[in-house]
Each structure stands twice: as structure tokens, then as C-alpha cells.
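Below is one structure, written out as C-alpha cells; comments come after it.
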Amino acid sequence: MESQADTSQIVRFAKLTELLDLGRANSLWPMTFGLACCAIEMMAAGASRFDLARFGAEVFRPSPRQADLMIVAGTVNRKMAPMVKTLYDQMLEPKWVIAMGNCAISGGPFVYPGQYSVVEGVEKLFPVDVVIPGCPPRPEALIEGILALEEKLTGTRRWPRVESR
Ligand code: SF4
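The C-terminal residue of the sequence shown carries number 165 in our numbering, and the numbering is unbroken.
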């Protein structure tokens with residue numbers, strides 16, 4: 001009798017997690033935070049032409065304590081890295097990271113033998129959930145990255161995938 005009660009508790013908890021993940025996926029709150037040219041594309045994604053609001057991720061927050069998504073848009077210099085890490089640490093759990101553009105993914109065009117000023121990939125500072133290649137990626141690519149993150153959270157794709165021509 002005791003074990004049956006335990007099992008039903010677990011099943012209810014799993015359903016609740018699914019429901020919470022659905023809510024989280026459809027209301028991501030990115031942090032207002034940009035480092036270099038890729039951030040201009042990120043801003044364009046939030047503006048009327050691309051309208052990130054259609055996907056529930058337009059509420060850019062000015063404080064890491066109110067955000068659950070960090071979009072690393074731009075070059076992370078070694079001088080800047082401790083501040084970026086502090087912002088990540090100040091975000092509450094659960095939280096997710098998108099590395100937008102080649103600089104955030106690997107250091108991009110600033111990597112050459114002997115370079116000492118650029119972090120060669122933000123993954124060296126904290127875990128990354130989705131990467132969006134490009135220099136810079138277009139706003140549509142950022143939207144696709146957000147859809148990929150939503151899919152990672154819920155296990156299902158909410159919007160049809162558009163094949164490139
Ligand atoms: S990936 Fe290209 S566009 Fe983006 S921040 Fe680096 S240099 Fe600028």
C-alpha cells in the first residue's frame with residue numbers, strides 16, 4: 001500500500017515538471033546584454049520587422065535576477081570574462097545560455113596563434129545550451145536558436161521547420 005502511494009507521487013511530479021517546462025519554454029526572459037556586433041542582430045530580432053514577441057521571448061530584462069536566458073552576443077574578451085561569469089552566476093535557476101555568433105562559440109575571427117585577449121568560446125566560462133553559428137547570424141537565426149531551446153525544454157517542436165533553399 002505504501003509503495004503504491006509513492007509511485008503516484010512520482011507520476012504527479014513528472015506531470016508538473018512537464019507543465020512547468022512548457023511554461024518556461026513559452027516565456028523565456030532574456031537578459032539585456034550585448035558585447036559586440038552580434039548584439040545589433042539580437043536587437044533587430046526584438047524589433048518590429050522580426051518581432052521576437054511572436055515566440056514569447058521578447059521580455060528582455062535589465063537584471064540577471066529577473067532573466068532565465070543569457071544570449072551571449074559578441075566577443076568575450078578576457079578582461080570582460082569575469083563580469084560575464086558574474087552575470088551568469090546572478091541568474092536564478094533554471095537558466096539557459098545561447099552562444100550567438102562565431103565569437104561567442106569559438107572566439108571567431110579574433111583567434112590566431114599567440115592571441116591572448118579573447119576567450120575562445122564562452123563554453124569555457126559556463127555551460128552553453130544552443131549555439132548559433134555566423135558572423136553575424138541574422139535575426140532569423142536567433143529566432144531559430146530560441147525555437148531550438150524551446151524544443152530542448154519541452155521535447156517537442158512548436159513551430160514547423162523551414163528548409164533553406
Ligand atoms: S561573430 Fe562576427 S559579427 Fe558577431 S561579434 Fe564576432 S565579429 Fe562581430
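Just so you know, even glycine gets a beta-carbon here, dropped at the ideal spot from N, CA and C.
All values reported here derive from a predicted model rather than from experimental measurement.
Paired residues, beta bridge with residue i - DSSP
i      : result
ILE143 : According to DSSP, ILE143 bridges with nothing at all.
DSSP state of residue i mapped onto helix, strand, coil
i      : result
VAL84  : helix
GLN16  : The question names Gln, but residue 16 in the sequence shown is Leu. LEU16 falls in the helix class under three-state DSSP.
ASN102 : helix
ARG61  : strand
MET42  : helix
ALA148 : helix
ALA25  : helix
PRO133 : coil
PRO30  : strand
LEU153 : helix
LEU122 : Sequence check: residue 122 is Val here, not Leu. In this structure, VAL122 counts as helix in the three-state DSSP scheme.
Contacts around residue i, its chain only, beta-carbon distance under 7 Å, and the 5 residues preceding and following it disregarded
i      : result
PRO133 : ASN102 and ILE105
CYS135 : GLY101, ASN102, GLY108 and PRO109
GLU151 : ARG157
heavy atom of the ligand SF4 below 7 Å from residue i C-beta
i      : result
ALA81  : no
PRO139 : no
ALA36  : yes
ASN102 : yes
GLY74  : yes
GLY108 : yes
CB contact check: residue i to chain D, cutoff 8 Å
i     : result
ALA36 : No chain D is present in this structure, which holds just one protein chain.
Beta-carbon proximity list for residue i, same chain, < 6 Å, skipping 5 on both sides
i      : result
LEU22  : THR154
TRP159 : LEU147
LEU28  : ALA57 and LEU69
Own chain partners of residue i with C-beta closer than 8 Å, once the 5 adjacent residues on each side are dropped
i     : result
ARG65 : GLN90, MET91 and LEU92
ARG78 : TYR116, SER117, VAL118 and VAL119
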